[in-house]
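Peer 1:
Protein chains in written order, with the working numbering: chain Z, 65 to 360; chain G, 903 to 1160.
1) Please state whether DSSP places residue 93 of chain Z in a helix, a strand or coil.
2) Could you compute how far the alpha carbon of residue 180 of chain Z sits from the alpha carbon of residue 121 of chain Z?
3) Report yes if the CB atom of residue 1063 of chain G is closer than 7 Å to the CB atom of residue 1003 of chain G, and no otherwise.
4) Is it right to say residue 1158 of chain G is buried, meaning 16 or more other beta carbons lie within 10 angstroms of its own, or is it exposed?
5) Can you find the residues in the same chain that come closer than 8 Å, C-beta to C-beta, to residue 236 of chain Z, ignoring five residues on each side of it along the sequence?
6) In angstroms with no decimal places, state the Cα-to-Cα distance between residue 996 of chain G and residue 1079 of chain G.
7) When DSSP builds the beta bridges, which residues end up paired with residue 137 of chain Z?
8) Shorter than 7 Å from the beta carbon of residue 1025 of chain G to some beta carbon of chain Z?
9) Which bits of chain G does residue 235 of chain Z rub up against, with CB to CB less than 8 Å?
10) Please list, in chain order, the residues of the stretch 1088-1103 of chain G that have any C-beta partner in chain Z closer than 8 Å.
11) Leaving out five residues on either side along the sequence, give the residues of the same chain with a beta carbon under 6 Å from the beta carbon of residue 360 of chain Z.
12) May I ask you to report which of helix, strand or coil DSSP gives residue 358 of chain Z?
13) Unbroken alpha helix (DSSP H) runs of length 4 or more, entirely within the stretch 184-214 of chain Z: which are they?
14) Which stretch, first to last residue, makes up the alpha helix (DSSP H) that contains residue 926 of chain G?
15) Please classify residue 1135 of chain G: does DSSP put it in a helix, a strand, or coil?
16) Less than 8 Å between the CB atoms is what I'm expecting for residue 313 of chain Z and residue 342 of chain Z, so what's the real figure, rounded?
17) Using the three-state DSSP reduction, which class does residue 964 of chain G fall into: helix, strand or coil?
18) For a test of the three-state rule: what should DSSP assign to residue 159 of chain Z, helix, strand or coil?
19) Considering only the alpha carbon of each residue, which of Z:96, Z:295, Z:161, Z:338 lies closest to residue 130 of chain Z?
20) List, in order along the chain, the chain G residues whose C-beta lies closer than 9 Å to that of residue 212 of chain Z?
21) Distance, Cα to Cα, residue 1130 of chain G vs residue 976 of chain G?
22) Would residue 65 of chain Z be called buried (16 or more neighbouring beta carbons within 10 Å of its own) or exposed?
23) By Cβ distance below 6 Å, which residues in the same chain neighbour residue 197 of chain Z in space, the five residues on each side in sequence not counted?
24) Using CA coordinates, which residue listed in Z:101, Z:93, Z:105 is at the minimum distance from residue 79 of chain Z?
25) Once the 5 residues before and after residue 137 of chain Z are set aside, which same chain residues still bring their CB inside 6 Å of it?
26) Whole angstroms is fine: what's the gap from residue 113 of chain Z's alpha carbon to residue 960 of chain G's?
27) Residues of chain Z with a CB under 8 Å from the CB of residue 1045 of chain G: which are they?
28) In whole angstroms, what is the alpha-carbon distance linking residue 75 of chain Z and residue 219 of chain Z?
Following this line, the structure appears as structure tokens:
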């Protein structure tokens, strides 16, 4: 089965077939119970914890020879984490890789959901550091499991209450808790809350893998994902004052880049593929040199 | 007081291995009544309280509680979800050490509001208003609402714990040495406050204490425990003024007279 591989020592996609089978079973259970954290026997991977070992195991288990893989880290295809995971799967699975969102069948992500709307033939795999949304409110794991089982989620609102009491608004901007299909409260991994609405009734299957914590959870396609809030302090996403400095996109998530030591800064798309595509289509932002004359 | 008891405790026995926690304790608690359980350290008071409040599974015996619909339910035959819901709505539990009953890292307002949020209140303004009002009732200044309990004095923490428990309008409150570790003047103020709240709200309460003065001030009835058994049981004034058992006589006579 492994005839394409030059590395006879590795099975296709690194993990052995029994391990993949075990992880697929966990994934199936996770899909059957949206938002529920399924324990699985997480393996040692050839990268440190915190680098996406959970996501890599999930990707390895669902990857087929015909898949096209895209890996992003904070929205970018060219950062260390993304480059090394992409290279890893090229080496151990010989799959096609891409940086273009629309061409990928599996997208492994750390901290972002691509700006382009995903479709029903795509799977989004998240790398999750801490899967338990109640962790910092209730340190006992036995207790948090019981709280999930009995749907006791009052404590989650205590956190939001504290936010408002201290800051006047809900100051949680990432890992913003959501309720999945009206039942389980879930940590959407440290994605900015800007991306929470994209999870709601997404066409793509969303899988979450936490390697160190040994948990897998999932949001099946077309599932309700509702961000928690108060009636008088409704959930809202971040707003940016200016458009992307390179492609002039607005309504997307922007990164702040410091340009010099005199307060110069610019805001650019965090999704590099989206930004590049827009520039290819002729969109020009404030700091895109080629069309300096066109800048205001 | 109504015709039916609120709580029926029937032959509760708890063994720790071969050691006795408490044996064969039975009593009824009536609505609006405060029952004190007194006795020396190790006499089984706290074991009994924990066994009644479902924190500790008794070895044998039953505890039945009259729900709001008037039906008696055996607490140990209820589902866990229902029991926990009961504990955080219809019951309160005031711990001796406030740190056990409070969330020390969230503000006073959130501590009071937690139970409201747990039963589905999702309006920040209302929760905060309710919390402010409750802080007022337990004599904590409204401008301390955003402070954490760790910045509070012992007496304030204990009062905050009481407010946190009473916010959902419980019918039954368990108190384990509520004035333990507080100095005498703070104790007096706290007792006064608790007595007022119990009267105003018509609460039933079971108070565990080794301090007979607390029992005298708060309770209508009291039970004296020794070595896991209830040795004397009666109206508080009767037991304290006319103790029958030798041990109770000893207990009453050992109160320091200043």
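Cβ atoms here follow ideal geometry from the backbone N, Cα and C, with glycine treated the same way. Just so you know, these numbers come straight off a predicted model, no measurement behind them.
Peer 2: On the basis of the supplied data:
1) The residue labelled residue 93 of chain Z in the question sits at position 29 within the first chain. Of the three classes helix, strand and coil, the one that applies to residue 93 of chain Z here is helix, per DSSP.
2) Here the question's residue 180 of chain Z lines up with position 116 in the first chain. Here the question's residue 121 of chain Z lines up with position 57 in the first chain. Distance between the alpha carbons of residue 180 of chain Z and residue 121 of chain Z: 25 Å.
3) Taking the first residue of the second chain as position 1, residue 1063 of chain G is located at position 161. Taking the first residue of the second chain as position 1, residue 1003 of chain G is located at position 101. In contact: residue 1063 of chain G and residue 1003 of chain G (Cβ atoms closer than 7 Å).
4) As a working note, residue 1158 of chain G is residue 256 in the second chain. The residue in question, residue 1158 of chain G, is exposed, as its Cβ has fewer than 16 Cβ neighbours within 10 Å.
5) Counted from its first residue, the first chain places residue 236 of chain Z at position 172. Once the five neighbours on either side are set aside, the close Cβ partners of residue 236 of chain Z are 223, 224, 227, 257.
6) One-based indexing of the second chain puts residue 996 of chain G at position 94. One-based indexing of the second chain puts residue 1079 of chain G at position 177. So the two alpha carbons sit approximately 8 Å from each other.
7) The residue you call residue 137 of chain Z lines up with position 73 of the first chain. Note: residue 137 of chain Z sits in a beta bridge opposite Z:140, Z:174.
8) Taking the first residue of the second chain as 1, we reach residue 1025 of chain G at position 123. For residue 1025 of chain G, the closest Cβ of chain Z is nearer than 7 Å.
9) As a working note, residue 235 of chain Z is residue 171 in the first chain. Result: empty, since nearest Cβ-Cβ is about 13 Å, beyond 8 Å.
10) Residues: none.
11) To locate residue 360 of chain Z, count along the first chain from 1; it is residue 296. For residue 360 of chain Z, the pLDDT reaches just 39, beneath the cut-off of 50, and the residue's location in the model is therefore unreliable, although a value from the coordinates is still provided. There are no such residues.
12) On the first chain, residue 358 of chain Z is found 294 positions in, with the first residue counted as 1. Bear in mind that a pLDDT of 41 at residue 358 of chain Z, under 50, signals an unreliable position, so the number given afterwards is only what the model happens to contain. In this structure, DSSP gives residue 358 of chain Z a helical state, which the three-state scheme calls helix.
13) Listed in chain order, the complete alpha helix (DSSP H) runs (minimum 4 residues) inside the stretch 184-214 of chain Z are 205-213.
14) Position 24 of the second chain, counting from 1, holds the residue named residue 926 of chain G. Where residue 926 of chain G is concerned, there is no enclosing alpha helix (DSSP H), although the beta strand (DSSP E) it sits in stretches over 921-931.
15) Residue 1135 of chain G sits at position 233 when you count from the first residue of the second chain. In this structure, DSSP gives residue 1135 of chain G an extended state, which the three-state scheme calls strand.
16) Position 249 of the first chain, counting from 1, holds the residue named residue 313 of chain Z. Position 278 of the first chain, counting from 1, holds the residue named residue 342 of chain Z. Here residue 313 of chain Z really is in contact with residue 342 of chain Z; their C-beta atoms are around 6 Å apart, less than 8 Å.
17) If you number the second chain from 1, residue 964 of chain G lands on position 62. Under the three-state reduction of DSSP output, residue 964 of chain G falls in the strand class.
18) The residue you call residue 159 of chain Z lines up with position 95 of the first chain. Of the three classes helix, strand and coil, the one that applies to residue 159 of chain Z here is coil, per DSSP.
19) For the purposes of this step, residue 130 of chain Z is identified with residue 66 of the first chain, where counting begins at 1. Considering only Z:96, Z:295, Z:161, Z:338, the residue with the shortest C-alpha distance to residue 130 of chain Z is Z:161.
20) Here residue 212 of chain Z corresponds to residue number 148 of the first chain, with the count starting at 1. Near residue 212 of chain Z there are no residues of chain G at all, since even the closest Cβ is about 12 Å away, more than 9 Å.
21) Translated into positions along the second chain, residue 1130 of chain G becomes position 228. Translated into positions along the second chain, residue 976 of chain G becomes position 74. Computed Cα separation, rounded: 23 Å.
22) On the first chain, position 1 is the one that residue 65 of chain Z refers to. Reliability of the predicted coordinates at residue 65 of chain Z is poor, the pLDDT of 48 falling under 50, and no value is obtained from them.
23) To locate residue 197 of chain Z, count along the first chain from 1; it is residue 133. For residue 197 of chain Z, where only same-chain residues beyond five positions count, the Cβ hits under 6 Å are 241, 249, 251.
24) For the purposes of this step, residue 79 of chain Z is taken as residue 15 along the first chain, with counting starting at 1. Ranked by Cα distance from residue 79 of chain Z, the first of Z:101, Z:93, Z:105 is Z:105.
25) Here residue 137 of chain Z is taken as the residue at index 73 of the first chain, counted from 1. These residues qualify, in order along the chain: 143, 145, 146, 174.
26) Taking the first residue of the first chain as 1, we reach residue 113 of chain Z at position 49. Taking the first residue of the second chain as 1, we reach residue 960 of chain G at position 58. Each residue's alpha carbon lies about 44 Å from the other.
27) On the second chain, position 143 is the one that residue 1045 of chain G refers to. The contacting residues do not exist; residue 1045 of chain G stays about 13 Å from chain Z at best.
28) As a working note, residue 75 of chain Z is residue 11 in the first chain. As a working note, residue 219 of chain Z is residue 155 in the first chain. When rounded, the distance between both Cα atoms is 45 Å.
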